[in-house]
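K.L.:
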Amino acid sequence: MKSMEEAITAYLREIDRSFYMETSKDQAYVDAAAPIGYGQTISQPSLVRKMTIELDPGPGLRVLEVGTGSGFQTALLAAFCGEVYTVERIAPLHEKAKQRLKAAGFSNIKYKLGNGSEGWEEYAPFDRILVTAAAASVPPALLQQLKPGGRMVIPVGGSFSQDLLLLEKETDGSVKETFLCAVMFVKLYE
Numbered sequence: 017m018k019s020m021e022e023a024i025t026a027y028l029r030e031i032d033r034s035f036y037m038e039t040s041k042d043q044a045y046v047d048a049a050a051p052i053g054y055g056q057t058i059s060q061p062s063l064v065r066k067m068t069i070e071l072d073p074g075p076g077l078r079v080l081e082v083g084t085g086s087g088f089q090t091a092l093l094a095a096f097c098g099e100v101y102t103v104e105r106i107a108p109l110h111e112k113a114k115q116r117l118k119a120a121g122f123s124n125i126k127y128k129l130g131n132g133s134e135g136w137e138e139y140a141p142f143d144r145i146l147v148t149a150a151a152a153s154v155p156p157a158l159l160q161q162l163k164p165g166g167r168m169v170i171p172v173g174g175s176f177s178q179d180l181l182l183l184e185k186e187t188d189g190s191v192k193e194t195f196l197c198a199v200m201f202v203k204l205y206e
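For the sequence shown, the residue numbers in the numbering used here are 17 to 206.
1) Evaluate the contact criterion for the region 107-121 versus the region 84-94: three or more CB pairs, one atom per stretch, below 8 Å.
2) Report the residue from Glu137, Gln56, Asp42 and Ser19 whose alpha carbon sits nearest the alpha carbon of Ala107.
3) Please confirm if the region 135-155 is in contact with the region 71-84, defined as three or more CB-CB distances below 8 Å between the two stretches.
4) Along the chain, where does the alpha helix (DSSP H) containing Pro108 start, and where does it finish?
5) Check whether the region 60-71 touches the region 160-176, counting contact only when three or more Cβ pairs, one atom from each stretch, lie closer than 8 Å.
6) Curious, which full-length beta strand (DSSP E) runs of at least 3 residues does the region 54-79 contain?
7) Okay, do the region 174-184 and the region 123-143 touch, 3+ Cβ pairs below 8 Å being the bar?
8) DSSP has Pro51 in a bridge; who is on the other side?
9) Note the first and the last residue of the continuous beta strand (DSSP E) segment covering Pro164.
10) My guess is that Pro171 and Val199 are in contact by the Cβ rule of under 8 Å, so how many angstroms apart are they, rounded?
11) Which runs of the beta strand (DSSP E), 3 residues or longer, sit entirely within the region 132-163?
12) Are the beta-carbon atoms of Ala48 and Ile58 separated by less than 7 Å?
13) Kindly indicate which three-state DSSP category Ala95 falls into: helix, strand or coil?
14) Is it the case that the Cβ atoms of Leu93 and Pro61 are separated by a distance below 7 Å?
15) Gly128 by DSSP, collapsed to three states: which one?
16) Do you know offhand how far Leu117's Cα is from Ala91's?
The following block contains the structure:
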């Protein structure tokens, strides 16, 4: 039986990244970020892999994704989690990702057009939260919507470089923070 890390790695090798790209399809199999329009990017596969593994997905888990983008990361979450709630603020990206993910056969995803830094109160709390845009600081609404025992992976910092953090919420509500690596994401509009 494969470990979750092995299963995620195998899935990433099989997924057609170009399916989640409108332009720059020649960059689909390069381990680099690529533009998807509207000043946004699709993250490089190695970082998507790292973030997903650190999130520690599982079949029965409810996950909030902040920043649907092209839907590439969403597909990975939907393949390994019970329910995915994904929020995107740019309407054309939101619509395209929804079409792609439905065409790919995913039925365990709920979509919202809006400000992801506010989370999705209606469906909270979440077992896992994955943020795919850089926040100046951790949005309080997201921490509040994370279940005790839950995990959040989020890039935090300035416009040109951020720290990718793993936040683990203890049962008493305290939060343990672990630095994972330096990254560069587009800005989360808070």
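In this text, a Cβ means the ideal position worked out from N, Cα and C, and glycines have one as well.
P.N.:
On the basis of the supplied data:
1) yes
2) Here residue 107 refers to the residue found at position 91 of the sequence shown. Per the Cα distances, Gln56.
3) yes
4) In the sequence shown, residue 108 corresponds to position 92, counting from 1. Pro108 -> alpha helix (DSSP H) spans Ala107 to Ala119.
5) yes
6) 56-58
7) no
8) On the sequence shown, residue 51 is found 35 positions in, with the first residue counted as 1. DSSP lists Thr57 as partners of Pro51.
9) Translated into the one-based positions of the sequence shown, residue 164 becomes position 148. Unbroken beta strand (DSSP E) run through Pro164: Leu162 to Gly173.
10) Translated into positions along the sequence shown, residue 171 becomes position 155. Translated into positions along the sequence shown, residue 199 becomes position 183. At roughly 5 Å, the Cβ-Cβ gap stays under 8 Å, so Pro171 and Val199 are in contact.
11) 142-147
12) Here residue 48 is taken as the residue at index 32 of the sequence shown, counted from 1. Here residue 58 is taken as the residue at index 42 of the sequence shown, counted from 1. In this structure, Ile58 does not lie closer than 7 Å to Ala48 by Cβ.
13) By one-based count along the sequence shown, residue 95 stands at place 79. Reduced to three states, the DSSP call for Ala95 is helix.
14) Locating residue 93 in the sequence shown gives position 77, where the first residue counts as 1. Locating residue 61 in the sequence shown gives position 45, where the first residue counts as 1. No, Cβ-Cβ distance for Leu93 and Pro61 is not below 7 Å.
15) Taking the sequence shown and counting its residues from 1, the one referred to as residue 128 is at position 112. First, the amino acid is wrong: residue 128 is Lys here, not Gly. Three-state result, Lys128: strand.
16) Within the sequence shown, numbered from 1, the residue matching residue 117 stands at position 101. Within the sequence shown, numbered from 1, the residue matching residue 91 stands at position 75. Distance between the alpha carbons of Leu117 and Ala91: 7 Å.
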